[in-house]
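Chains W and F supply the protein sequences, listed in that same order.
Letter 99 of the first sequence, counting from 1, is numbered 99 in the numbering used here, and no numbers are missing.
Letter 64 of the second sequence, counting from 1, is numbered 185 in the numbering used here, and no numbers are missing.
Glycine included, C-beta positions come from ideal geometry on N, C-alpha and C.
No experiment lies behind these values; they were computed from the predicted model shown.
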Amino acid sequence: MTERQHIVVTIIGELANVRFVDKRITDSANIEDLGEELFSLVTQDRMKHILLNFLGVEFMSSAALNKLITLDKKVKEVGGILRLCCLKDEIMEVFVLTRLNRVFDIRKTEAEALRAFGAES
Amino acid sequence: MVEPTWSWTLHRHMPSSVEAGHKQIEQLLAALTSNNWDGRDFFHVQMAAEEAMVNAVKHGNAEDVNKSVEVEFKVSKDWVYVRFRDQGKGFKPELLPDPREGEYLHSPNGRGVMLIKEMMTRVQYNHSGTEVVMYKQRNQPLPSDQGE
Chain W
1 MTERQHIVVT IIGELANVRF VDKRITDSAN IEDLGEELFS LVTQDRMKHI LLNFLGVEFM
61 SSAALNKLIT LDKKVKEVGG ILRLCCLKDE IMEVFVLTRL NRVFDIRKTE AEALRAFGAE
121 S
Chain F
122 MVEPTWSWTL HRHMPSSVEA GHKQIEQLLA ALTSNNWDGR DFFHVQMAAE EAMVNAVKHG
182 NAEDVNKSVE VEFKVSKDWV YVRFRDQGKG FKPELLPDPR EGEYLHSPNG RGVMLIKEMM
242 TRVQYNHSGT EVVMYKQRNQ PLPSDQGE
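Listed below in structure tokens is the structure:
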């Protein structure tokens, strides 16, 4: 199992509820490690659904968006669903400007996102 | 545009590494805070500086240790100036595909230049595509705000 330094994971059945340790997710040596930690949830831990909770994340660059797109592909390959929640306004604006809000299922609160998983699991 | 009265400036050549770039950007962010920049405007400058720095280091200089990146920042109460110049082959930003269209929407790269354009007040590349100069004016709506 990949040692996790950048995410904290709570397992709920087939769902991995993920929070980020870093307040700023930028293009650095850490972004590759973060990507591996996220991907391993699907490829090693066999999680089907993933919720990324952005509470506390103040900044993310396009390098982080790239990792999320790759993660989304991996989740879809196993028939799962990736959802995002709790994005601060400025980060939500990044998704809108890039139109990635049309690619990702983004919910305002964790409770709303969890309910959506419950309805579909 | 009348040149603003800058309260803080930085001009130096840095190694071609993202870590070195982040050290410069940290200083820019501290200067923004000192000049009471916050919220959305602060975020936009941070995003544009981050993306331009990564472009210069990774795509421009290909992280070549024998090359450097020239960095210049200026901050005032209402304006920010950001300039990066690399020693790479350059590129034509107008030839990049729009990452919001078609198959590119799902591509895991190619959004940095678009985000810079969307978030800054004015962006200009030199003819060879090795230098980007950008300005941000505080409390000014973006083109994308028109649709709100």
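Within the segment 20-41 of chain W, those residues whose Cβ lies closer than 7 Å to any Cβ of chain F are, in chain order, T26, D27, S28. Inclusion of F205 of chain F and G250 of chain F in the CB contact set at 8 Å is not warranted, their separation being larger than that value. Counting only the Cα atoms, L236 of chain F lies some 17 Å from G160 of chain F. Just measuring C-alpha positions, the residue of F:E193, F:M240, F:W129 sitting nearest E93 of chain W is F:M240.
Chain-order list of chain W residues neighbouring R232 of chain F: S62, L65, T98, by C-beta distance under 7 Å. Scanning chain W for C-beta atoms nearer than 7 Å to the C-beta of M135 of chain F yields nothing, as the closest lies near 15 Å away. Segment contact: the segment 127-143 of chain F against the segment 189-203 of chain F, three or more CB-CB distances shorter than 8 Å; contact assigned. Residue contact with chain W for R259 of chain F: absent (no Cβ-Cβ distance below 8 Å to any residue of chain W). Here K23 of chain W is exposed: its Cβ has fewer than 16 other Cβ atoms, across all protein chains shown, within 10 Å. Spanning the alpha carbons of A177 of chain F and E184 of chain F requires a straight line of approximately 9 Å.
For G231 of chain F, the CB contacts under 8 Å within the same chain, skipping 5 residues up- and downstream, are L217, P218, P220, Y225 in chain order.
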